[in-house]
Amino acid sequence: MSKRQLNVVFWSGCGGETQRYRCQHAIEQLQYRGHKAQLFNQIDQAAIVAVAAADLVVVHRPKETHFWETIQQAAQGKPVVYETDDLLFDPALIDSMPIVAESTGFEQQFWRGYARGNPPVFARCDAAIVSTTPLAQAAEALQKPVWAHRNVLGDDWIAWCEAAYRERQTQAHVTIGYFSGTFSHDADLRLIAPALLKLLQQQPKLRLMLGGKITVPDILAPVANQIEQLPFVPLEQLPQLMSKADIILAPLDVDNAFTRCRSELKYLEAAALRLPVVASPIPAFAEAIRHGETGFLATSEAEWYSQLSNLLADATLRQRVGQAAYTHVLGHYTIATAAADYEAMLLAILQQFPTKPAQPALQPLLSQFQRDLTFHDRSVHMITGCDIGNAGNYRCRHRQEQLDWFDMYSGVTSLYNEPFKIADSIKFGILILHRVALDSNIATLIDAHQALGHPVIFDTDDLVFRTDLLHHIDAIKDWPADEVALYRDGVERYLKTMLLCDAVIVSTEPLAEQVRAFDLNAYVVRNALSQNQISYAEPIAAQRQAKPLAQPHDPVLIGYFSGTATHNRDFMQAEQAILHILATYTHVRLRIVGPLQLSKAFDPYIDRIERRELVPLEQLADEIAAVDFALAPLELDNPFCQSKSEVKYMEAALVGVPLIATPIEAFRYAITHGINGMLAANEQEWIEALEALVTDPSLRQRLGHEALADAHARYSPKARSRELHNVLQQIWSMYTRQMSLIKSNAMLLGANKSLSKGNEVLVMHIDGLITSNQALHYRVQELERDNAQAKAYAHQLEIQLQQIANGIFMQFSGKAKGLLHRLINRKG
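Heads up, the sequence shown is in my numbering, so the first residue is -6 and it goes up one at a time.
As structure tokens, this is what we get:
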């Protein structure tokens, strides 16, 4: 035993049995050796102080969040080790992971986001601890120092299995069991389904027991009466279920890079029940199982059929192999037998990465952690009604990545691609409608959310709610009348949706002012890049930056990138300047990507003008990187253009390409003229900017370099995440205050109604007294005066309260008033 007592902190981003096997069992091994070890989940504020006092910090498969950033700061001077038993740290394999590939909808969005968030954490850690040899090899391939420590069984699991084994009763038939903790193993079961079908058909008394989250393969439909499906149960109940089986299956796809890295856990769990296992020969099973002695390995359908047939036919073989596996596992895979090796491994890590003196300021970290945590339990659902172009990506899907930085659950539904899924949004606490036009279904959805106390937010990055400004849209001027009418109807319905919402989020300040003209609450959340865009563009930008500086008379390629057929008049703002450049500098070429109508003035230069088709967002970086600089002209006096965002700057900056743009608010926010781009408001300024970039390669290089740094600093998911988070917090606080005031007013009005009824009863009682006793006449008159004053006061109070309700909640468009009346009637 080590003379030094270690203080190890485990910080886990993944719960369930994975956390149990990789964290809790590790802690038990350390405690067995006399060390101190603690486990914290990723939103536990107490972890900060514990991490700062630790000798070593083990982070168990967390995704990249602001909480992780805080933990890193608290861990200054400590070795930080990434821990996993799954291949989550290679970004190239994310979409091939079974849990991503086999899931759909919100589940797939969640798991892809989780998987995408692990590689950056892995990259920032000093070393890694993994459970299998292939995992260690994968980590080494990414230049990470790595140690392997296999999974072990906990003492509680062994005790549960002993109890289940003692209580096990002889069955009238033989049962094959397969138990899955997640739906990600459906594909694994399908691999051996043909062999199972053959066995079940040949042996009518044979039973197949499927436990947990598993779907019966279609091929097994003919033998459905021989299959028993059991629900997912807590771990402590699993040994009782497993003990009903005679043979345990552990199929895995040996050709899948992800599943090849799996551990031998299913073998360990079955062995504790003295049950024989037939498993696929992934490395972990091949290393743990002595074929024919402690279990069986099978690859092909014929091998699965053969090994299972032998076990089914021979009860003695099943018993012998199960007992041998039990002896093997209890001798090598328990807390007590593995603890010394785990201790030695951590000491080796500390020797290679010794603790350095550091005293991080904890109070600022605690305060920031608490601020980030205040909104953590909220969930956000976004419905995009505009998946043409990239609007739905920038305003919804990129937002998911920003919310991931706060570990907030979110989902995105495309209204036109997945219309039947919009009702799923009711499970989320906040609804964002991105350019969704009102119809009866959307109105019902808004009503449902607001009735549940969920704020509903309208979102847009274009001026799509002003019918009186449609004459500014160049694209629709040549449309047939019926198409213009249809477009107008859509704009009107956007406005109707917006008016029913509790707040509006937009991408620019001019757009916010357009919203506020309707007396609505408007908040600015600027567009952001996605991590996929950034990761895809990084090598492209690096290659571009590595090129030698061009010479003044080398060919120059100017790029214009049009996402939609709405920019003809925009391009005309720079047309004369571009024509001047083409006429003056014969080594200049123009590349146009996407839809754009050029005037006949460009005909003399047609041989120097390239036209290319619009490309998907992921490939846009390649197109932009091929030009020397890009253009973003807009009509300066057009309210639609004034409201637009700086997306064209972001996309060009991402690959280090300088941009010349019209100085609308968004481009003024993004570009500092002459530092990270150029601004041009008129023909002369366009000529000057174009000539500067055409004739000065070093200027192009400098502006591009600054733009690239700026894109990463201000437009990454992390950089923009706090803006979105803060705005959602403000909207939530505003909405809850308004709801609280509505309820308070309703209660007061209800109480006033009760007071009025009481006054009526009092009048009736007084009338009776007058009739029966004239001597009380003067006293009655006094009471009547008091009653009249009370009624007048009550009436005045009711008017005032109604005025308050009407004045504060006009933007609810009658919905708050309806809720108020319903509450009053309920009180009455």
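Just so you know, even glycine gets a beta-carbon here, dropped at the ideal spot from N, CA and C. It should be emphasised that the depicted structure is a prediction, and the values quoted were computed from it without experimental measurement.
How far does the alpha helix (DSSP H) with residue i in it extend, from its first residue to its last?
i	result
Val640	Val640 to Ala646
Lys259	Leu258 to Ala264
Asp334	Ile328 to Gln345
Trp679	Glu676 to Thr688
His59	His59 to Ala67
Asp285	The displayed chain sequence assigns Gly, not Asp, to residue 285. No alpha helix (DSSP H) holds Gly285; DSSP gives it neither H nor E.
Which residues in the same chain have their Cβ closer than 6 Å to the Cβ of residue i, if we skip the five residues on either side of it in sequence?
i	result
Glu603	Arg584
Asn799	Its pLDDT being 41, under 50, Asn799 is placed unreliably in this model, and the value from its coordinates should be taken loosely. Cβ within range, chain order: n/a, list empty.
Ser638	Asp454, Ser500, Thr501, Asn520 and Ala659
Ile792	The predicted model places Ile792 with a pLDDT of 45, which falls under 50 and marks its position as unreliable; any figure quoted below should be read in that light. Nothing meets the Cβ criterion.
Trp297	Ile185, Ala188 and Ala291
Cys154	Pro232, Ala265 and Leu266
Between residue i and residue j, what straight-line distance do the alpha-carbon atoms span, to the nearest angstrom?
i	j	result
Lys198	Arg183	22 Å
His718	Leu396	7 Å
Tyr662	Ser173	52 Å
Gln443	Asn34	33 Å
Gln393	Phe622	31 Å
Gln24	Leu(-1)	10 Å
Asn144	Tyr14	6 Å
Ile822	Ala478	It is not possible to answer for residue 822, since the shown part of the chain is limited to -6 through 821.
Ile551	His560	17 Å
Asp78	Phe278	14 Å
Asn111	Pro357	26 Å
Ala567	Asn675	8 Å
Gln164	Ile92	35 Å
Trp398	Val226	32 Å
Val581	Pro545	11 Å
Leu696	Asp600	29 Å
Cys389	Ala45	37 Å
Phe346	Arg105	32 Å
Asp211	Gly385	36 Å
Met90	Tyr516	38 Å
Considering only the beta carbon of each residue, do residue i and residue j sit closer than 9 Å?
i	j	result
Asp547	Leu504	no
Pro127	Pro244	no
Leu647	Ala704	yes
Asp239	Leu189	no
Ser273	Ala291	yes
Ala430	Gly382	no
Ala673	Pro626	yes
Pro269	Val209	no
His53	Cys118	no
Leu591	Phe554	no
Ala265	Val216	no
Pro138	Ala121	yes
Leu201	Gly170	yes
Take the Cβ of residue i as the centre, count every other Cβ of all protein chains shown within 10 Å, and call the residue buried at 16 or more, exposed below.
i	result
Gln194	exposed
Lys540	exposed
Pro710	buried
Tyr387	buried
Glu229	exposed
Tyr487	buried
Glu606	exposed
Thr125	buried
Pro609	exposed
Trp472	exposed
Ile376	buried
Asp365	buried
Ser822	An answer regarding residue 822 cannot be provided, because it is not within the stretch -6 to 821 covered by the chain.
Phe413	exposed
May I ask which residues mark the beginning and end of the beta strand (DSSP E) holding residue i?
i	result
Gln222	Ile220 to Leu223
Gly404	Ser403 to Ser407
Met375	Val373 to Thr377
Ala120	Ala120 to Val123
Met202	Arg200 to Gly205
Below 7 Å CB to CB, which residues in the same chain sit around residue i once its five sequence neighbours on both sides are set aside?
i	result
Ala39	Phe33
Gln569	Glu676
His447	Gly422, Ile423 and Leu424
Tyr728	Pro448 and Asp495
Leu261	Asn144, Leu146, Val322 and Tyr326
Does the beta carbon of residue i fall short of 8 Å from some heavy atom of the ligand FAD?
i	result
Leu203	Ligands displayed in this structure: none; no statement on the ligand FAD is therefore possible.
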